[in-house]
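Chains as they are written, first to last, in the working numbering: chain A, 26 to 322; chain B, 26 to 322. What follows is one structure encoded as C-alpha cells, with my remarks underneath.
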C-alpha cells in the first residue's frame, strides 16, 4: 500500500433509502451511513452499483454528498461513485468530490458505447483527470463488466498508473472472476486493489490488496470488519467462511432488492423496499424464501 | 399514422462537431443542422447514438437545444435524445424538450443495470412520463440493444401504448433485425415506427411505418429524401439500392468515426475528426481505404 492509498478495509456501497415518491430519503441515508461506520465499515462508497448510483441524477448526487459532509461524516473515508457516460458530468462530480476532500472517487469507464478500444477507455479517464485538474483527486477504477459491459484491461490499468501515478491509486474489481482479481494483484503490487466481493476479501489481503467494497457490507459490516481486523489470525479462514454463509443465503436473488428487503425486515420500515426503476422488488415467494434463511449477523 | 404522430420522413441523428478541446462547436453544429434540413432531412434527432449524445452532459444538451431554437430551427421538426440512466435527468431533459415544442423525444430505457424485467422497463418510462406531466410530450421509444443492451419487448411497447396512448407515439428500431422491425410494424399499425437503418426505409414505409432515423442521413440526406418522396414510384427499389451503396462502403468501419471522416474530407475542416472518448478515430489505413471508395452522393 503506497502512501497515496488512504482508503482500505471494508467499504459499503451504501444502499440508498427512498421515499414513496422515489426521491432520496436523505436524512435516513445519512443516518444509515453513520450507522455503517459505527457498525464496522472503515469507509463508504456511496453511489455505487448497489446504491442505485447511476439511477441518481448528477445534481442529486452533488447535493447528497454536501449534506453528508455537513452532517459530520468525514470526507476522507468516502469514495463516491462518479463515473457517468459523459465526460463533463463525470468531471464535474469528481471535481466536487476532490474539492470537499473525499478520500477517493470510484470511476466507471463511459459505458454507453460498446466495443470501444483500450485507447478510447484510457483517453476517457485521462480526459476526466485533466479536466478536474486537482492534485487532491484520487481515482479508483471501477471494473464491473457484468453490468457496465465496458471495463479496464490490465494494459489500460498499467497505462493509467504510469500516466497518473499519484492520481490513479486503486481499483475495485467486480468482475466476479478471481483469476482477473489475482492478475491485478500480481501485476500491480502497490496499487489500492479492492475485491468487489467480500468472498475474496481474505485472498485479496493475502496477496497485498487493501480490502473490499462489497454490497454485503450494507448488512454484515461487523462480520466483515472482524475478518479484516483479524486476517492474520489463525482462524482467519473460518472468519471468511462465516461471512460466506450470508452471501450463500442471498445468492439466488437479485442483490439490491434482496438487501433492501433485509433492511426493511430488520428495521420494520417498509420504505426500505422502494427502488428506482428499472429495478423491481422480489416476488412475495422470494421474500418468504429469503427471510426463512436469513439470520442477522 | 395517427394525428398525434407529426414526425415522419428522414431524420438525421445529427453528428456533433467539436472543438479541439472537445467542447461542442455550437455554431458549426447549428449550421450543420440547418444544412441537413436544406439538403433533404424532414427532421433532426440530435443527441442520438451517432450524435455522441450520451457523451454530452445534461447541461450541454439543454443549452444546445435552446441555442438551436434561438437560431430559428423549428422545434416541431426536432426529436432530441433524452434517455439517460437516471430518471430525474431523463425527465428534466424531456420536460425541457416538450416545453419548447419539440416534435418528440427519443427515449432510451435506463441502460446501466442489465437483466432487468419488462415490468422494470415499463415503470422507468412511465415514471419519466408522470414526472414530466406535460401533455405536449411525445415519446419515441429508442430500441438499440446492440449498444444499450437493454431494449423494449413487444409486450412492453404494447403496455406503454395502452397506458399513454397520446404520449408514447412511436419507436426507433435500431436492433438491426428486420424481423424485429417487421414484428413492431405488424403489431402496432398506427404507431410512428422509424427504421433505425435506412436500408429498411422502403420496407418500413410499405408496411405502414413513418420513415427512418439513420446515421447515413448525415451524409446522404438528399438521396434518402428522394427515396422517401418517391417510395410509391415504380423505381422505388432502385432508389433504395442507390442508398444502400453508401452503407456498403462504410459498413466495415466504426460508423461515427467514419461519418466524421467523410465530413472532414468533404468540408476540408479537420476539426470534424474530433470525437469524445471513448470513441477513437479510424486508423490512417482505414481512412485511405474508406476515401478510395466513397463518392459524395
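Just so you know, even glycine gets a beta-carbon here, dropped at the ideal spot from N, CA and C.
Where residue 253 of chain B is concerned, there is no enclosing beta strand (DSSP E), although the alpha helix (DSSP H) around it starts and stops at 246 to 254.
Straight-line measurement puts the Cα of residue 270 of chain B at about 27 Å from the Cα of residue 173 of chain B. Not a single CB atom of chain A sits nearer than 7 Å to the CB of residue 192 of chain B.
Judged by DSSP in its simplified three-state form, residue 288 of chain A adopts helix.
With fewer than 16 other beta carbons inside 10 angstroms of its own, residue 52 of chain B counts as exposed. At a cut-off of 7 Å between C-beta atoms, residue 34 of chain A does not count as an interface residue with respect to chain B.
For the pair residue 128 of chain A and residue 165 of chain A, the CB atoms are not nearer than the 7 Å cut-off. Taking 7 Å as the threshold, the shortest C-beta distance from residue 201 of chain B to chain A does not fall below it. Within chain B, 110, 111 and 137 have C-beta atoms less than 7 Å from the C-beta of residue 79 of chain A, given in sequence order. Taking C-beta atoms as the reference points, residue 179 of chain B and residue 212 of chain B count as a pair closer than 7 Å. Contact annotation for residue 301 of chain B against chain A: 112 [CB-CB distance below 7 Å, chain order]. The Cβ atoms of residue 243 of chain A and residue 284 of chain A lie closer than 7 Å to each other. Here residue 259 of chain A is exposed, its C-beta having fewer than 16 other C-beta atoms within 10 Å. Judged by DSSP in its simplified three-state form, residue 59 of chain B adopts helix. Counting only the Cα atoms, residue 91 of chain B lies some 9 Å from residue 121 of chain B. The Cβ of residue 305 of chain B sits closer than 7 Å to at least one Cβ of chain A.
Shown here, residue 198 of chain A sits in a strand according to DSSP, grouped into three states. Within chain B, the C-beta atoms nearer than 8 Å to that of residue 142 of chain A come from 303 and 305, in chain order. Under the 7 Å criterion on CB atoms, residue 172 of chain B is classed as interfacial with respect to chain A. With respect to chain B, the C-beta atom of residue 221 of chain A has no partner C-beta closer than 7 Å. DSSP, reduced to helix, strand and coil, places residue 43 of chain B within a strand of the structure shown.
Within the stretch 96 to 169 of chain B, the runs of alpha helix (DSSP H) at least 4 residues long that lie entirely inside it are, in chain order, 112 to 124 and 143 to 157. Contact between the stretch 227 to 245 of chain A and the stretch 35 to 42 of chain A is present, with at least three C-beta pairs closer than 8 Å. What residue 149 of chain A touches in chain B, judged by beta-carbon distance under 7 Å, is 302 and 303, going in chain order.
Residue 246 of chain A is a Cβ neighbour of residue 61 of chain A, given a cutoff of 7 Å. Interface annotation, residue 183 of chain A: not in contact with chain B, CB-CB separation never under 7 Å.
Of B/250, B/312 and B/319, the smallest CA-CA separation from residue 64 of chain B is found for B/250.
Residue 155 of chain B has a beta carbon lying at 7 Å or more from every beta carbon in chain A. For residue 134 of chain A, the chain B residues whose Cβ falls inside 8 Å of its Cβ are 303, in order along the chain. Under DSSP, residue 317 of chain B forms no beta bridge with any residue. Closer than 7 Å to the CB of residue 75 of chain B there is not a single CB belonging to chain A.
In this structure, the straight-line span from the alpha carbon of residue 182 of chain A to that of residue 39 of chain A is close to 26 Å.
Chain-ordered, the chain A residues with CB closer than 7 Å to the CB of residue 82 of chain B read 111, 113 and 114.
Inside the stretch 201 to 230 of chain A, DSSP marks whole beta strand (DSSP E) runs of 3 or more residues at positions 217 to 220, from first to last along the chain. Nearest to residue 198 of chain A by C-alpha distance, out of A/298, A/277 and A/223, is A/223. The Cβ of residue 310 of chain B sits no closer than 7 Å to any Cβ of chain A.
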